[in-house]
Amino acid sequence: MDIDKLKSDASGQIGAAKDLDELNQAAVKWLGRKGALSEFMRRIPELEPDLRREAGQKLNALKKELEALLEEARERISGSAQARDEGLDISLPGRPVAAGSIHPINQVMEEICDIFVQMGFDVVEGPEVELDWYNFEALNFPPDHPARDMQDTFFISGDVVLRTHTSSLQIRTMENTPPPVKVIAPGKVYRCDSDVTHTPMFHQVEGLLVGDGISFADLKGALTLFVQKMYGPNTPIRLRPSFFPFTEPSAEVDIGCVICRGSGCRVCSGTGWLEVLGSGMVHPNVFKNVGYDSSLITGFAFGLGVERIAMLKYGVDDLRRFFENDLRFLSQF
Ligand code: PHE
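Residue numbers for the sequence shown follow my numbering, so the first one is -8 and each next one is one higher.
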């Protein structure tokens, strides 16, 4: 009487049943009145007297076990039958969950910040809703300066504006820290302007380095290094005299066109150069407004437009694409 073999044959067949018919056949064969288990039970009296008791216990335990297996198999089979009835195919592979990603403008902004962080700059941030003092007044904008005009600035109320540039962070930083300072300030800025190359909201990264003996050559050196890391070691830069109320002297910085590499194309309007940022040496009036002594220290500042850098990097010709939230566009980055 091989009880172990009975156990493995019976549980194997029950486990393999694919539908209720097969399962019922297995139930009759192993557990039915004329089934294998009953047959074994009937033969117990034929055993030696001292083996009968043990065999009886074993067979009873096996019976319980096989009944549990039958129940389990019944649930399994009716479960998948139900899934089929509901039009579910549980053998289909799962649908992948679409993963989001970082917006291309934020990617480029992070890349810009990384380059300056490697040069030892700290990252600072500030409010987008800003006081006139930080956005204009302390930056040496005369009261009648055209940048304060309704045309450019979103006014919230009398002296509260949406910041028009990240230069407000120059003031907020110096106001709270004695020199030296070496910071960059990434963030959103707002101007009442909208066309192919302007959106009412865009991003800037401001840079400010103030200390003992900082010169225009340091400004040029830092920006050259930045441009070469961003666009490759052979990208030239050029500085053109410019004007900002908060820097003197001021310079607009161009890079050699990254599309045509200087020979002239549509993107650079045939000049071979692209304007990417504004910069200059911090104006003494700005130092005075934050309580710095301009006879002891000097500094440079720059502000670059992130969208401009991103458009050049990816060859995108309409700035508005970045903010239309069309996934066919955004998921390419
Ligand atoms: N804030 C200026 C702008 O938005 C850029 C700038 C920053 C220029 C720092 C000089 C120094 O146009």
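C-beta atoms are modelled at their ideal positions from N, C-alpha and C, and glycine is treated no differently.
This structure is a prediction, so every number in the text was calculated from the model and none was measured.
Around the C-beta of K55, fewer than 16 other C-beta atoms lie within 10 Å, and the residue is accordingly described as exposed. Under DSSP, S241 forms a beta bridge with S233 and G271. Taken in chain order, the whole alpha helix (DSSP H) runs of length 4 or more contained in the stretch 111 to 160 are 123 to 126. By the Cβ-count criterion, P171 is exposed, with fewer than 16 other Cβ atoms from all chains shown falling within 10 Å of its own Cβ. Beta-bridge annotation (DSSP): Q195 is paired with G178 and G296. With contact defined as three or more Cβ pairs closer than 8 Å, the stretch 159 to 168 and the stretch 270 to 284 are in contact. The residue from S260, G47 and G111 with its alpha-carbon nearest to that of L199 is G111.
Beyond the five residues adjoining it in sequence on each side, L53 comes within less than 6 Å, by CB distance, of K(-2) in the same chain, given in chain order.
By a beta-carbon distance limit of 8 Å, D143 contacts T155. Their separation comes to about 6 Å. Collapsing the DSSP output to three states places V281 in coil. Cβ contact annotation for E63 (same chain, cutoff 7 Å, sequence separation greater than five): none. Relative to the non-hydrogen atoms of the ligand PHE, the Cβ of L268 comes within a distance shorter than 8 Å of at least one.
Under the DSSP assignment, F31 falls in the alpha helix (DSSP H) whose first and last residues are A27 to R33. Within the chosen limit of 8 Å, the ligand PHE reaches the beta carbon of V180 through at least one heavy atom.
Taking A213 as reference, the option from R182, Q195 and V174 with the minimal CA-CA separation is V174. Apart from sequence neighbours up to five positions away, the residues of its chain that approach I(-6) with a beta-carbon distance below 8 Å are F31, A46, K49, L50 and L53, ordered along the chain.
In the DSSP assignment, I96 falls within the alpha helix (DSSP H) that extends over P95 to Q109.
Ranked by Cα distance from K9, the first of L38, R43, E58 and E66 is E66.
Shown here, E266 sits in a strand according to DSSP, grouped into three states. Of the candidates Q195, L287 and G202, Q195 places its Cα closest to the Cα of E298. For the pair L287 and S270, the Cα-to-Cα distance works out to about 21 Å. A heavy atom of the ligand PHE is found nearer than 8 Å to the CB of G294.
Listed in chain order, the non-local C-beta contacts of E58 below 8 Å within the same chain comprise L22, local neighbours out to five positions each way being set aside. F324 has its CB no nearer than 8 Å to any heavy atom of the ligand PHE. Checking the 8 Å criterion, the Cβ of T144 is out of range of every heavy atom belonging to the ligand PHE. Contact check for M302 against T289 fails: the beta carbons are separated by 9 Å or more. Shown here, G204 sits in coil according to DSSP, grouped into three states, outside any helix or strand. Residue environment analysis places S159 among the buried positions, since at least 16 neighbouring C-beta atoms fall within 10 angstroms of its C-beta.
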